[in-house]
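Novice: What follows is a structure written as structure tokens; I'll ask about it next.
Numbering (the UniProt record's numbering), first residue to last: 1 to 517.
Laid out in structure tokens, this is it:
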């Protein structure tokens with residue numbers, strides 16, 4: 001038995017059964033070990049950003065880590081952007097980064113790099129395996145670290161630690177610390193603040209507080225104590241749809257966000273952080289709440305958010321039988337027709353969304369209306385890119401589909417963002433994943449046009465336009481998808497889009513719709 005076998009065995013003993021990989025020479029002994037472990041599902045990504053983004057999507061849907069396999073420092077560097085998104089989503093992840101044999105490092109071969117320094121900004125835990133005998137304890141520590149908030153663990157595997165022989169190892173389950181007890185002092189402080197600010201208190205939910213059962217309790221608090229219920233701007237995962245409590249999402253545009261929160265005197269955080277502006281803008285605040293707003297934490301990520309909400313409900317004297325208001329029927333809007341628009345896509349997808357679907361939204365600008373409409377859709381899970389680093393939509397959908405076979409995944413994708421990790425379509429084709437990708441093909445970085453206006457630039461000249469628009473030549477998403485093995489078609493009218501969406505939803509497997517706007 002070598003170190004690579006031990007690493008696999010420790011992962012499997014702790015139910016880490018998926019490895020998203022893009023390996024190289026330094027990882028060949030680990031690849032060989034994976035070949036001896038049929039219990040491990042190995043998923044190849046053609047780019048490391050696909051690998052780390054898929055691991056993020058998998059973790060968000062399962063609440064447990066997948067492993068990634070990356071090739072030395074440059075391979076890790078290629079995956080850092082979606083590690084950043086995963087870190088902001090508080091997703092558990094175990095990155096296994098191969099490196100040269102320890103005795104080869106002093107020679108400064110071409111792929112030698114400072115992996116620890118590369119990993120540190122996007123990881124919460126980094127460790128280099130000291131040798132074959134260190135593989136088991138190091139891997140157990142990585143697993144424990146991945147499930148200790150915020151949860152990105154990076155384990156560096158030197159080649160000689162992988163191929164080195166070790167004695168018989170019988171890995172067992174890693175014992176995890178239980179969540180801390182509910183802080184009743186915090187519960188009482190929050191309850192008193194809510195009572196003192198009737199109609200002017202708000203709650204932001206995130207993480208497990210954004211699941212249907214916890215949302216139901218938050219809804220009872222909202223109704224029973226006249227508290228407004230919000231979600232963060234960028235949502236890691238929320239259970240949405242008819243019959244579920246629907247928080248109001250804090251808008252991305254700073255003026256809209258400050259207007260929404262202007263009347264809030266008390267803001268309670270449940271697994272969330274205080275909302276702030278995404279960027280600094282001349283003459284505008286960084287904080288979205290007023291300076292006089294009292295910001296209180298009921299419970300943080302890693303604590304029992306469901307129990308904390310129950311305790312707050314009880315402290316406020318609200319009965320568990322308190323009724324809440326749920327979204328039911330769609331707004332009375334005519335069926336869209338004619339030229340395809342962003343609103344028409346959002347309305348069609350929300351109306352046709354299958355029950356128990358998973359929506360991965362990276363068309364943040366173009367699909368802005370979808371989130372509000374999704375409150376009326378069939379029950380589903382909703383996820384977004386959380387760290388602002390674009391190029392996660394396709395990988396996120398890929399990981400979610402592997403995590404939840406039997407559930408339809410809908411990826412709302414911007415054309416510019418999608419090009420960062422278009423290789424993920426190949427993985428969807430190879431794994432025959434049930435993902436419908438809808439590309440909002442407006443041939444521009446629409447969000448950046450808005451940002452130019454936000455910083456006070458009204459007239460965009462030729463140089464700026466060439467950096468913000470995706471024309472000359474225009475992207476051909478149908479050809480790109482087919483080249484990756486994914487069936488695809490184009491729609492430029494509402495009627496054509498609805499026909500393609502109906503077809504894609506009626507059968508399993510990957511399909512891409514280029515929605516020309």
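Where is the CB? At the ideal position from N, CA and C, for every residue including glycine.
Note that the structure is predicted; figures quoted are calculated from it, not measured.
Cutting at 6 Å between CB atoms, please list the residues of its own chain near residue 29, excluding the five before and the five after it.
Specialist: Result list for residue 29: 4, 162 and 163, in chain order.
Novice: Report the three-state DSSP secondary structure of residue 384 (helix, strand or coil).
Specialist: In the structure shown, residue 384 sits in a strand (DSSP, three-state: E or B).
Novice: On the DSSP bridge list, what partners appear for residue 493?
Specialist: BP columns for residue 493 point to 339.
Novice: Is DSSP giving residue 2 helix, strand or coil here?
Specialist: In the structure shown, residue 2 sits in a strand (DSSP, three-state: E or B).
Novice: Given 8 Å as the limit, is there contact between the stretch 9-26 and the stretch 133-146, that is, 3 or more CB pairs closer than that?
Specialist: Because the criterion of three Cβ pairs below 8 Å is met, the stretch 9-26 and the stretch 133-146 touch.
Novice: Just the Cα atoms here: how many angstroms apart are residue 77 and residue 394?
Specialist: Cα-Cα distance, rounded: 19 Å.
Novice: Thinking C-beta only, is residue 482 closer than 9 Å to residue 491?
Specialist: Their beta carbons are not under 9 Å apart, which means residue 491 does not touch residue 482 by this criterion.
Novice: The alpha helix (DSSP H) with residue 84 in it runs from where to where?
Specialist: Here the alpha helix (DSSP H) through residue 84 covers 72-88.
Novice: Candidates 494, 85, 509 and 369: which alpha carbon is nearest residue 391's?
Specialist: When only C-alpha atoms are compared, the closest one is 85.
Novice: Does the ligand NAD have even one heavy atom less than 8 Å from the beta-carbon of residue 236?
Specialist: In terms of ligand content, the structure shown is empty, and the ligand NAD therefore cannot be addressed.
Novice: Answer yes if the stretch 353-362 comes into contact with the stretch 395-412, meaning at least three C-beta pairs across the two stretches below 8 Å, and no otherwise.
Specialist: Result yes; three or more Cβ-Cβ pairs closer than 8 Å.
Novice: Whole angstroms is fine: what's the gap from residue 258's alpha carbon to residue 104's?
Specialist: Approximately 56 Å, taken between the alpha carbons.
Novice: Taking buried to mean at least 16 other C-beta atoms within 10 Å of its own C-beta, is residue 207 buried or exposed?
Specialist: Answer is buried; the Cβ neighbour count reaches 16.
Novice: Cutting at 6 Å between CB atoms, please list the residues of its own chain near residue 316, excluding the five before and the five after it.
Specialist: Excluding positions up to five away in sequence, the list reads 191 and 225.
Novice: Can you give me the start and stop residues for the beta strand (DSSP E) that residue 437 sits inside?
Specialist: It spans 435-441 - the beta strand (DSSP E) in which residue 437 sits, taken as one unbroken run.
Novice: Measure from the alpha carbon of residue 365 to the alpha carbon of each residue in 380, 376 and 341, then state which is nearest.
Specialist: Residue 365 has its Cα closest to that of 341, out of 380, 376 and 341.
Novice: So is residue 406 buried or exposed if we call it buried at 16+ other beta carbons inside 10 Å?
Specialist: Exposed: under 16 other Cβ atoms inside 10 Å.
Novice: Assuming residue 50 and residue 68 are in contact, meaning their beta carbons sit under 8 Å apart, how far apart are those beta carbons, in whole angstroms?
Specialist: About 10 Å; that fails the 8 Å criterion.
Novice: DSSP on residue 39, reduced to helix/strand/coil?
Specialist: Looking at residue 39 - three-state DSSP - the assignment turns out to be coil, as it is neither helix nor strand.
Novice: Going residue by residue through the stretch 162-240, where are the continuous alpha helix (DSSP H) segments of at least 4 residues, counting only ones entirely within it?
Specialist: List check, alpha helix (DSSP H) in window: 184-195 and 212-225.
Novice: Does DSSP classify residue 116 as helix, strand or coil?
Specialist: Correct three-state label for residue 116: helix.
Novice: Does the distance from the C-beta atom of residue 47 to that of residue 428 stay below 9 Å?
Specialist: No, they are not a contact pair.
Novice: At 3 residues or longer, what runs of the beta strand (DSSP E) sit wholly inside the stretch 339-412?
Specialist: Listed in chain order, they are 357-362 and 380-384.
Novice: Taking its Cβ as the centre, do 16 or more other Cβ atoms sit within 10 Å of residue 279, making it buried, or is it exposed?
Specialist: By the neighbour-count rule (16 or more Cβ atoms within 10 Å), residue 279 is not buried but exposed.
Novice: Which residue from 106, 130 and 247 puts its Cα closest to that of residue 231?
Specialist: Comparing Cα positions, the closest option is 247.
Novice: Counting Cβ pairs, one atom from each stretch, are 3 or more of them under 8 Å apart for the stretch 147-166 and the stretch 92-104?
Specialist: Touching, per the Cβ criterion.
Novice: Who are the Cβ neighbours of residue 61 in its own chain at under 6 Å, not counting the five residues just before and after it?
Specialist: Only 400, 403 and 404 meet the Cβ criterion.
Novice: Should residue 56 and residue 22 be called a contact, given that it needs their Cβ atoms to be closer than 9 Å?
Specialist: Their beta carbons are not under 9 Å apart, which means residue 56 does not touch residue 22 by this criterion.
Novice: Would you call residue 14 buried or exposed, if buried means 16 or more other Cβ atoms sit within 10 Å of its Cβ?
Specialist: The residue is buried, with at least 16 neighbouring Cβ atoms inside 10 Å.
Novice: When the Cβ atoms of the stretch 495-508 are set against those of the stretch 467-477, are three or more pairs found closer than 8 Å?
Specialist: With a cut-off of 8 Å, the stretch 467-477 and the stretch 495-508 do not count as touching, because too few Cβ pairs lie within range.
Novice: Taking Cβ positions, are residue 6 and residue 132 nearer each other than 9 Å?
Specialist: Taking 9 Å as the Cβ cut-off, residue 6 and residue 132 qualify as a contacting pair.
Novice: Determine whether the beta carbon atoms of residue 309 and residue 270 lie at a separation below 9 Å.
Specialist: In contact: residue 309 and residue 270 (Cβ atoms closer than 9 Å).
Novice: Quick check on the DSSP output: the alpha helix (DSSP H) that includes residue 27 runs from which residue to which?
Specialist: Taken as a continuous stretch (DSSP letters only), residue 27 belongs to no alpha helix (DSSP H), as it is neither H nor E.
Novice: Kindly indicate which residue of 255, 301, 130 and 25 has the alpha-carbon position closest to the one of residue 289.
Specialist: Comparing Cα positions, the closest option is 255.
Novice: For the stretch 210-226 against the stretch 318-332, are there 3 or more C-beta pairs whose distance is under 8 Å?
Specialist: With the cut-off at 8 Å, the stretch 210-226 and the stretch 318-332 touch.
Novice: Quick one: Cα of residue 349 to Cα of residue 409, how far?
Specialist: Rounded to whole angstroms, residue 349 to residue 409 spans 12 Å at the Cα level.
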